[in-house]
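One structure below.
Numbering (this note's numbering), first residue to last: 560 to 697.
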């Protein structure tokens, strides 16, 4: 569930880079040393890479699932290569611990009429917050 959430809503959804060589992209020449951006959000939602890219399907990340057959760079919620976020392991551990504790003790429910609007600033988040009903578990 965590990996699929990060695929749908990668925290660092866009990243600055600089081109190392001249190259052609979509009929345009991009010169060496040009500032360019990549976007993991777009990559994580490409229909020719991900089956039903806008569906929430955690089974993609099960052993032998769809994610295991993706090309390098198809799933990069924390960037990749030498530019991978230094806080990646901490962030992954933090969310696992919080999710385990919260979901063990509470039941969370988003109101049925709530329509999620994504805010894309430096990091992705719900615009205007996320209304939630919280109740003690069972």
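We put the CB at the ideal spot given by N, CA and C, even for glycine. Source: prediction; values computed, not measured.
*Can you name, in chain order, every residue of its own chain whose Cβ lies under 7 Å from the Cβ of residue 588, other than the five neighbours on each side?*
Numbered from 1 along the chain shown, position 29 holds the residue referred to as residue 588. Result list for residue 588: 581, in chain order.
*Between which two residues does the beta strand (DSSP E) harbouring residue 563 extend?*
The count along the chain shown starts at 1 and reaches residue 563 at position 4. Element bounds for residue 563: not the beta strand (DSSP E) but the alpha helix (DSSP H), 561–567.
*Should residue 661 be labelled buried (16 or more other beta-carbon atoms within 10 Å of its own) or exposed?*
For the purposes of this step, residue 661 is taken as residue 102 along the chain shown, with counting starting at 1. Looking at its Cβ environment, which holds fewer than 16 other Cβ atoms inside 10 Å, residue 661 is exposed.
_Where residue 599 falls, given that 16 or more other Cβ within 10 Å makes a residue buried_ = Numbered from 1 along the chain shown, position 40 holds the residue referred to as residue 599. That one is buried.
*Determine the direct distance from the alpha carbon of residue 654 to that of residue 665, and round the result to whole angstroms.*
Numbered from its first residue, the chain shown carries residue 665 at position 106. Numbered from its first residue, the chain shown carries residue 654 at position 95. Whole-angstrom Cα-Cα distance: 16 Å.
*asked:* Looking at the strands, I want to know which residues DSSP matches up with residue 678.
replied: One-based indexing of the chain shown puts residue 678 at position 119. Residue 678 pairs with 684.
*What is the DSSP secondary structure of residue 617, counted as helix, strand or coil?*
Walking along the chain shown from the start, residue 617 turns up at place 58. Note: residue 617 maps to helix in three-state DSSP.
*Label residue 566 either buried or exposed according to how many other C-beta atoms from any shown protein chain fall within 10 Å of its C-beta, with 16 as the threshold for buried.*
Your numbering for residue 566 matches position 7 in the chain shown. With 16 or more other Cβ atoms within 10 Å, it is buried.
*Between residue 685 and the rest of its own chain, which residues show a CB-CB distance below 8 Å, the 5 nearest in sequence each way excluded?*
Sequence index remark: in the chain shown, residue 685 carries index 126 (1-based). Taken in chain order, the residues that qualify are 675, 676, 677 and 678.
*Could you name the residues of the same chain whose beta carbon sits closer than 6 Å to that of residue 694, not counting the 5 residues immediately before and after it, in chain order?*
As a position in the chain shown, residue 694 is number 135, starting the count at 1. Excluding sequence neighbours, residue 694 sits near 666.
*Note down the Cα distance separating residue 624 from residue 584, rounded to an integer number of angstroms.*
For the purposes of this step, residue 624 is taken as residue 65 along the chain shown, with counting starting at 1. For the purposes of this step, residue 584 is taken as residue 25 along the chain shown, with counting starting at 1. Their Cα atoms are separated by approximately 31 Å.
*Taking DSSP as the reference, what is the three-state secondary structure of residue 583?*
Locating residue 583 in the chain shown gives position 24, where the first residue counts as 1. Of the three classes helix, strand and coil, the one that applies to residue 583 here is strand, per DSSP.
_One or two residues paired with residue 667 in a DSSP bridge_ = Walking along the chain shown from the start, residue 667 turns up at place 108. Answer is 693.
*asked:* I need the DSSP call for residue 640, collapsed to helix, strand or coil.
replied: Indexing the chain shown from 1 puts residue 640 at position 81. Helix, per DSSP.
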